[in-house]
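The structure appears below as structure tokens.
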Ligand code: C5P
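Numbering (this note's numbering), first residue to last: 20 to 263.
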């Protein structure tokens, strides 16, 4: 199933996994904001701060602030408010923080900047059944993903989920066409896997129901990052290519 929610921005999100601002900005300058959004995670944000986010947005990019908030509702609301004020396109939190925390986050974002999208992480792909048992959860990772997905989307009203492409088909069936499903662990066919254990091609991710894909090293370490991004876009189904 290929999903195309309204107003979904660039379908390709490039992960800027750098330890400081300079190489991140240099890479951004080699990319086309009409082709991709940029993901800023913990490492880069802790090192470079909001100034870099502002700079990337001035270059014309949509920014996904991947900070995975998880705290008491009031604190998460404050963090979401601050991110929305920065003007980011998308940000995220941990669904395991619970319904009240997610509702506080959504309300904060909607008040400050309704067009900013708030999505949730369910179960990290680094967690398995043993990890969950260790924190007192006796369900399988798949069951826990489903439960947290319902809580985030159906009950809290979030805009989407970060998920493995391998979970996308079941989540799309469970949640319907609207929620964004943002999938990392993507490798174009013929490329290496780096340290990713289970990878999916861009085409297969969209076919399974992803709305957006996150791609890092296959683009950031390519000799020509813009060409690598363009090649990935060219491989996608037509409905998934453009800005809406
Ligand atoms: O370089 P690569 O394409 O593997 O980068 C993937 C990006 O997506 C990284 O920023 C990584 O932290 C993130 N990510 C992931 N798997 C998850 C969640 C996030 O690879 N389950």
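No residue lacks a Cβ here, since even glycine has one placed at the ideal position from N, Cα and C.
Computed from a predicted model, the values in this text were never measured in an experiment.
At a cut-off of 7 Å, the beta-carbon of residue 213 counts as near the ligand C5P: some heavy atom of the ligand is closer than that.
The beta strand (DSSP E) runs lying completely inside the segment 25-55 and spanning 3 residues or more are 31-34, given in chain order.
Taking residue 40 as the centre and dropping the five residues before and after it, the same chain places the C-beta of 67 and 71 closer than 6 Å to its C-beta, in chain order.
DSSP, read as helix, strand or coil, puts residue 205 in strand.
CA-CA distance, residue 44 to residue 75, rounds to 7 Å. At a Cβ-Cβ threshold of 8 Å, residue 187 and residue 227 count as neighbours. Of the heavy atoms belonging to the ligand C5P, none sits nearer than 7 Å to the Cβ of residue 115. For residue 53, the number of other beta carbons within 10 angstroms of its own is below 16, and it is reported as exposed. Residues of the same chain with a CB within less than 7 Å of the CB of residue 38, apart from the 5 flanking positions on each side, are 62 and 66 in chain order.
In its chain, beyond the 5 residues on either side, 208 have a beta carbon closer than 6 Å to the beta carbon of residue 220. Under the three-state reduction of DSSP output, residue 91 falls in the coil class, being neither helix nor strand. Contact between residue 56 and residue 29 holds: CB atoms are separated by about 4 Å, below the 8 Å threshold.
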